[in-house]
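Peer 1: Whatever position you read off the sequence shown (first residue = 1), add 1 for my numbering. Virtual Cβ for every residue (Gly too), placed ideally from N, Cα, C. I have a structure here, written as structure tokens, and I will follow up with some questions on it.
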Amino acid sequence: MEGEKGKKVEVAEVVEEKRSRVITKSSMAGEYITSQTVGEVQIVSDMHERKAETARRADAFIALPGGYGTLEELLEVVTWAQLGIHKKPVGLLNIDGFYDSLLFFVDMAVDEGFITRAARNIIISAPSAKELIRKFEEYVSEYETNLVWDTEKEPLEVIPEPETDIA
2 MEGEKGKKVE VAEVVEEKRS RVITKSSMAG EYITSQTVGE VQIVSDMHER KAETARRADA
62 FIALPGGYGT LEELLEVVTW AQLGIHKKPV GLLNIDGFYD SLLFFVDMAV DEGFITRAAR
122 NIIISAPSAK ELIRKFEEYV SEYETNLVWD TEKEPLEVIP EPETDIA
């Protein structure tokens, strides 16, 4: 498998070619901003803000090979698509078959009736960034839901209850 830096550079090149944008949190900016131009870079203060901005502004979502954080974010955007929050393509950059086991699990969940075929097709997989982008350009969401989400509203502010001294 090529190195972590190589995957990021490959994605950065495709992002630049498509004149796209990258959203990252300030503590991770050094990992994603290289000497190469990557289009627009937006730096945010924390992961929650990054995920909210990404969901709002992204045209698509790409998961590179990664760990728990990658899986958490991947499954979140897949779930959002299933719930009708977005109809954007969700892709796996499946370099050297990194995501084959995850795709096998998802296919098994379809076979067992836990995931519908239309929901399975939310996830797009390709072994290269160029092929994944090509598949994104052909993507049409098949998944329909009756749920309605207002994603443009600001979240409610939660006011903590005052502390009380109980003797």
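Grab me the residues of Gln-83's own chain with a C-beta within less than 8 Å of its C-beta, minus the 5 sequence neighbours each way, in chain order.
Peer 2: Here residue 83 refers to the residue found at position 82 of the sequence shown. Answer for Gln-83: Ala-120, Ile-123, Tyr-144, Thr-146, listed in chain order.
Peer 1: Classify Tyr-69 as buried or exposed, calling it buried when 16 or more other Cβ atoms lie within 10 Å of its own Cβ.
Peer 2: For the purposes of this step, residue 69 is taken as the residue at position 68 of the sequence shown. Tyr-69 should be labelled exposed.
Peer 1: Hey, out of Ile-96, Leu-104, Pro-66, whose CA is closest to Ser-129's CA?
Peer 2: Position 128 of the sequence shown, counted from the start, is the residue given in the question as residue 129. When only C-alpha atoms are compared, the closest one is Ile-96.
Peer 1: Could you compute how far the alpha carbon of Val-141 sits from the alpha carbon of Lys-131?
Peer 2: Position 140 of the sequence shown, counting from 1, holds the residue named residue 141. Position 130 of the sequence shown, counting from 1, holds the residue named residue 131. Answer to the nearest angstrom: the Cα atoms are 18 Å apart.
Peer 1: CA-CA distance, Leu-103 and Met-109?
Peer 2: As a first step, residue 103 must be located in the sequence shown, where it is residue number 102. As a first step, residue 109 must be located in the sequence shown, where it is residue number 108. The alpha-carbon atoms of Leu-103 and Met-109 are separated by roughly 10 Å.
Peer 1: Looking at the structure shown, is Lys-26 part of a helix, part of a strand, or coil, going by DSSP?
Peer 2: Locating residue 26 in the sequence shown gives position 25, where the first residue counts as 1. At Lys-26 the pLDDT is 48, less than 50, meaning the model places this residue with poor confidence; the figure from the coordinates comes in the next sentence. Note: Lys-26 maps to strand in three-state DSSP.
Peer 1: Count the other CB atoms within 10 Å of the CB of Leu-72; is the residue buried (16 or more) or exposed (fewer)?
Peer 2: As a first step, residue 72 must be located in the sequence shown, where it is residue number 71. When all chains shown are included, Leu-72 counts as exposed.
Peer 1: Considering just the uninterrupted stretch of the beta strand (DSSP E) at Val-91, what are its terminal residues?
Peer 2: Walking along the sequence shown from the start, residue 91 turns up at place 90. Element bounds for Val-91: 91 to 94.
Peer 1: Who does Ser-126 pair with in a DSSP beta bridge?
Peer 2: Reading the sequence shown from its first residue, position 125 is the one you call residue 126. Paired residues: Leu-93.
Peer 1: Between the Cα of Trp-81 and those of Asp-101, Phe-99, Lys-52, Val-45, spot the shortest distance and give me the residue it belongs to.
Peer 2: Working through the sequence shown from its first residue, we reach residue 81 at position 80. Of the listed residues, the one whose Cα sits closest to Trp-81 is Lys-52.
Peer 1: Report the three-state DSSP secondary structure of Phe-99 (helix, strand or coil).
Peer 2: Taking the first residue of the sequence shown as position 1, residue 99 is located at position 98. Coil at Phe-99, not helix or strand.
Peer 1: Report buried or exposed for Ser-126, applying the criterion of at least 16 other Cβ atoms within 10 angstroms of its Cβ.
Peer 2: Working through the sequence shown from its first residue, we reach residue 126 at position 125. Buried.
Peer 1: Can you name, in chain order, every residue of its own chain whose Cβ lies under 7 Å from the Cβ of Val-107, other than the five neighbours on each side?
Peer 2: If you number the sequence shown from 1, residue 107 lands on position 106. Correct list, in chain order: Ile-116, Arg-121, Ile-124.
Peer 1: Can Pro-66 and Phe-137 be called in contact, C-beta distance under 8 Å?
Peer 2: To locate residue 66, count along the sequence shown from 1; it is residue 65. To locate residue 137, count along the sequence shown from 1; it is residue 136. Not closer than 8 Å, so no.
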